[in-house]
Amino acid sequence: MPSNTASSSSAPAGSADSSASRTKSKRPKYSKFTQQELPACKPILTPGWVILTFLVISVIFIPLGVVSLFASQDVVEIVDRYDNDCVPTPARANKVAYIQGVSDKSCNRTLVVPKKMKQPIYVYYQLENFYQNHRRYVKSRSDSQLRSVKDENQIDACKPEDDVNGRPIVPCGLIAWSLFNDTYALSKNNQPLTVNKRGIAWKSDREHKFGKNVFPKNFQEGNITGGGRLDANKSLSEQEDLIVWMRTAALPTFRKLYGKIESDLEKGDTIHVTLLNNYNTYSFDGKKKLVLSTTSWLGGKNDFLGIAYLTVGGICFFLALVFTIMYLVKPRRLGDPTYLSWNRVPGGGR
Amino acid sequence: MIQAAHVGIGISGMEGMQAVMASDFAIAQFRFLTDLLLVHGRWSYLRICKVVMYFFYKNLTFTLTQFWFTFRTGFSGQRFYDDWFQSLYNVFFTALPVIVLGLFEKDVSASLSKRYPELYREGIRNSFFKWRVVAVWATSAVYQSLVCYLFVTTSSFGAINSSGKIFGLWDVSTLVFTCLVIAVNVRILLMSNSITRWHYITVGGSILAWLVFAFVYCGITTSRDRNENVYFVIYVLMSTFYFYFTLLLVPAVSLLGDFIYQGVERWFFPYDYQIVQEIHRHESDATKADHLEIENELTPQEARSYAISQLPRELSKHTGFAFDSPGYESFFASQLGVYAPQKAWDVARRASMRSRPKVPKK
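Protein sequences appear in the order of chains R and L.
Take any residue in the first sequence, count from 1 to its spot, add 1: that is its number in my numbering.
Residue numbers are given in my numbering: position 39 of the second sequence equals residue 25, and the series is strictly consecutive.
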């Protein structure tokens, strides 16, 4: 006869063994966690809460949107595409041959300032259809080589731009090899505008990623020149153009900081740009643009954030109104048992 | 003999443990069957559906952001996120909240589940895991991935702070990743019917774990770093106002779609459990009532009958066997004042019984 100890300890009182409160109980130790009785918040998304949430969101987002949009509207930006116009007319039939040739590539452009621009004014070059985010391109670099001299020979990932006749290239890789090398000389009313090229790279890059003792070696000495050359006497941490270029961009349309102008520009000023159109974007239908832009505390001209905030805030406000109207027109009493599926349709429901 | 069933339930008791050993679930008393089916079975179905849907959703969102990115990399296969971020996404940054959801999710309390047994029909009708439900979650994942990806990549095009500097690939992707982790974790709170403190701890903790990991990972360089290292990226990001503006906008817009859907669904197409929740929304958490009544506390009637049974009373020696019972003989004998000796086999039988007598043996 098996014992009945399994159930005897938990039998209700009144039976013969109720004095089993003194026998050992097999019931597991009670805790709120194991019995799933933790105090819990049971939110019910009533129409009141929905409307309230929408109103709160619109109240927060609309001012933020206004603030962002004002910041963005304050920014003055001049964009000038020059890659087509800077190829002289006779050479336009074969731009690739022109750019790869040795003729004089200087070009004069004129920009007009639409609104007063307060210093510092940032000069960018913008490239389009240039895939700096291509997989083979992004991995073609050697960060350890950039940081210290003793890792000079860590060039495995840099193929095909890893060495020249057995001597390692510093900095190796396709990213460095394709360094952008158009230059811009700006002047206003025949007075040259100095473009400060220091401080254009992120400080963390300058100080940690690119070593102070690493100097360019064997750079651009191969058969194919991919881009600019580097001064072999300047350490990599001072080569800010290289540092900026090597922070690979996320999308095929990007701009990179070239320098900054530290004087104001008045409305209506004419800026003359003497640029050297060295960089070959013609083989792949890329575009080159010169950009002058001021910044605000939120950055450059970027209406997107402001418009997004305003749109979302507006949509939420509109939805709050719609829900209020729906609530008034077609109310459903909270907890109305007639909505239970077994009360609505015999045997039916979801 | 039952040859096939959906689930086998064994009751352990006087007939032994054989049923228990052969069953999927074992209970101690027959009346626990209602709880097993109506309470725990229902909750279990609800929890499994939610956990599975959430898993698909969070991975779909995450993967789709990378998918949208491939359109802009010339289809070269460049990864959007750093390797460690990707690997630890499912391990650290989004794992715990869904476990807590699976442990504690309750649509209605246990006592209400028993009071409305028709709620069980939702499981029979498979209302939480139909293709339609899957389609809704998948659409939500596509929408959220588009929001996270497009909002960040479109707005991070130009300079992003007052010093005119530009973001690189890893800055943008880390920002998208942060928005994604926040949106996907807060989604748990939106889909829970009962939110305990562990929900808050795990959701907040996962987001915090991501930030702490980013701080540590982006703060150290070793000689064995791969060439796409994300050194200092999170600090660069956090030094701009743009980061905080985006961090407020993107998760809010991602979750707005789900919020609207839930609001409309509860209003116009409510599930049964939602109606039950609303009917009983003002009742407090009667945790004692939910408990299976296996405590030793007695109702007043039970206490009285127990006390009465403790009083010394005459034990009937009548065993039901006619003409051959020691009880019968000794009872009538004692009435007539005649001595009748105890039968040996009866003495042996009574001695082998293990129960303690309520009153001391006369």
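The beta carbon of each residue, even a glycine, is placed where N, CA and C say it ideally should be.
Worksheet item: Quick one: which chain L residues come within Cβ less than 9 angstroms of Val313/R?
Response: The contacting residues are Leu235, Ala238, Val239 and Leu242.
Worksheet item: Does Ala81/L come within less than 7 angstroms of chain R when only Cβ atoms are used?
Response: No, no contact with chain R.
Item to complete: Go ahead and pull the three-state DSSP assignment for Ser225/L.
Response: Correct three-state label for Ser225/L: coil.
Discussion item. Just to check my reading of the structure: Cys173/R and Asp163/R have Cβ atoms closer than 8 angstroms, yes? What is that Cβ distance to the nearest angstrom?
Written reply: Cβ atoms of Cys173/R and Asp163/R come within 8 angstroms of each other, at about 5 angstroms.
Item to complete: Give the C-beta separation of Ser48/R and Tyr328/R to the nearest angstrom, bearing in mind that I take them to be a contact with Cβ-Cβ under 8 angstroms.
Response: Here residue 48/R is Pro; the residue named in the question, Ser, does not match the sequence. Yes, Pro48/R and Tyr328/R are in contact; Cβ-Cβ is about 5 angstroms, under 8 angstroms.
Worksheet item: Using a beta-carbon distance cut-off of less than 8 angstroms, what residues from the segment 286 to 303 of chain R approach chain L?
Response: Closer than 8 angstroms at the C-beta level to chain L, one finds these residues of the segment 286 to 303 of chain R: Ser294, Thr296, Ser297, Trp298, Leu299, Gly300, Gly301, Lys302 and Asn303.
Fill in: Bounding residues of the alpha helix (DSSP H) (the contiguous stretch that carries Ser178/L)
It is not in any alpha helix (DSSP H) - Ser178/L carries neither H nor E in the DSSP assignment.
Worksheet item: Should Leu155/L be flagged as near chain R, meaning a C-beta pair shorter than 7 angstroms?
Response: For Leu155/L, the nearest beta carbon of chain R is closer than 7 angstroms to its own beta carbon.
Worksheet item: Nearest chain R C-beta to Thr182/L closer than 7 angstroms, yes or no?
Response: Yes, its Cβ sits closer than 7 angstroms to a Cβ of chain R.
Worksheet item: Where does Asn344/R fall in DSSP's three states?
Response: Correct three-state label for Asn344/R: helix.
Worksheet item: At least one CB of chain L closer than 7 angstroms to the CB of Ser73/R: is that the case?
Response: When Cβ-Cβ separations below 7 angstroms define contact, Ser73/R makes no contact with chain L.
Worksheet item: Helix or strand or just coil, what does DSSP make of Pro121/R?
Response: When DSSP states are grouped into helix, strand and coil, Pro121/R belongs to the coil group.
Item to complete: Using 10 angstroms around the beta-carbon of Leu194/L, count the other beta-carbons present and answer buried if the total reaches 16, otherwise exposed.
Response: Burial call: exposed.
Practice prompt. Within the same chain, show all residues whose beta-carbon is closer than 7 angstroms to that of His209/R, passing over the 5 residues directly before and after it, in chain order.
Written response: Excluding sequence neighbours, His209/R sits near nothing in its chain.
Worksheet entry | Pro13/R - DSSP class collapsed to helix/strand/coil | Because the pLDDT of Pro13/R is 38, which lies under 50, any placement of that residue in the model is unreliable, and the question is left without a value.
Worksheet item: If you measure from the beta carbon of Gly336/R to each beta carbon in chain L, is any gap under 7 angstroms?
Response: Nearest CB-CB separation between Gly336/R and chain L: below the 7 angstroms threshold.
Worksheet item: Along the chain, where does the beta strand (DSSP E) that runs through Gly49/R open and close?
Response: Judged by DSSP secondary structure, Gly49/R falls outside any beta strand (DSSP E) and instead within the alpha helix (DSSP H) spanning Pro48 to Asp75.
Worksheet entry | Presumed contact (8 angstroms Cβ cut-off) between Leu194/R and Gly150/L, rounded CB distance | The C-beta separation of Leu194/R from Gly150/L comes to about 16 angstroms, leaving the pair out of contact by the 8 angstroms criterion.
Worksheet item: For Asn147/L and chain R, any beta-carbon pair shorter than 7 angstroms?
Response: Among the residues facing chain R, Asn147/L is included, as its CB has a counterpart in that chain under 7 angstroms away.
Practice prompt. Identify the contact partners of Gln37/R in chain L, using a Cβ-Cβ distance below 8 angstroms as the criterion.
Written response: Result: Leu89, Phe90 and Lys92.
Fill in: Alpha carbon of Asp105/R to alpha carbon of Leu277/R, nearest angstrom
Per the coordinates, the alpha-carbon of Asp105/R lies some 8 angstroms from the alpha-carbon of Leu277/R.
Practice prompt. Report yes or no: do the segment 55 to 66 of chain L and the segment 130 to 147 of chain R share at least 3 C-beta pairs separated by less than 8 angstroms?
Written response: Verdict: yes, contact present.
Worksheet item: For a contact meaning CB atoms closer than 7 angstroms, what does Ile45/R contact in chain L?
Response: Gln263, Glu264 and Arg267, listed in chain order.
Item to complete: Starting from Val139/R, trace the alpha helix (DSSP H) both ways and give me its first and last residue.
Response: Start and end: Arg136 to Val139.
Worksheet item: Should Ala319/L and Ala326/L be called a contact, given that it needs their Cβ atoms to be closer than 7 angstroms?
Response: Yes, they are a contact pair.
Discussion item. Report the start-end ranges of each alpha helix (DSSP H) in the segment 132 to 204 of chain R that is 4 residues or longer and not cut off at the edges.
Written reply: Here the runs fully enclosed are 136 to 139, 144 to 148 and 175 to 178.
Discussion item. For Leu266/R, count the other beta carbons within 10 Å of its own beta carbon; 16 or more makes it buried, fewer makes it exposed. Which is it?
Written reply: Answer is buried; the Cβ neighbour count reaches 16.
Practice prompt. Please state whether DSSP places Asn112/L in a helix, a strand or coil.
Written response: Note: Asn112/L maps to coil in three-state DSSP.
Fill in: Spatial distance of Trp156/L from Cys204/L (CA atoms)
Their backbone Cα atoms lie some 11 angstroms apart in a straight line.
Fill in: Buried or exposed (CB count within 10 angstroms, at least 16 for buried), Asn303/R
Asn303/R comes out buried.
Worksheet entry | Contacts that Tyr310/R makes with chain L (C-beta to C-beta distance below 7 angstroms) | What Tyr310/R touches in chain L: Leu235.
Worksheet entry | Sequence-distant residues of its chain with Cβ nearer than 8 angstroms to Val158/L (five each side left out) | Val138, Thr139 and Ser142, listed in sequence order.
Item to complete: Could you tell me whether the segment 89 to 98 of chain R touches the segment 277 to 289 of chain R, using the rule of 3 or more Cβ pairs below 8 angstroms?
Response: Short answer: they touch.
Worksheet entry | Classification of Met7/L by the beta-carbon crowding that lies within 10 angstroms, buried from 16 upward | In this structure Met7/L is exposed. Its beta-carbon is surrounded by fewer than 16 other beta-carbon atoms within 10 angstroms.
Worksheet item: Around the C-beta of Tyr43/L, are 16 or more other C-beta atoms found within 10 angstroms, so that it is buried, or is it exposed?
Response: Counting the other CB atoms within 10 Å of its CB gives Tyr43/L a total of 16 or more, which places it among the buried residues.
Practice prompt. Output the residue ranges of the beta strand (DSSP E) runs that lie fully inside the segment 288 to 347 of chain R and measure 3 residues or longer, sorted by chain position.
Written response: If we require 3 residues or more, the beta strand (DSSP E) runs fully inside the segment 288 to 347 of chain R come out as 288 to 294.
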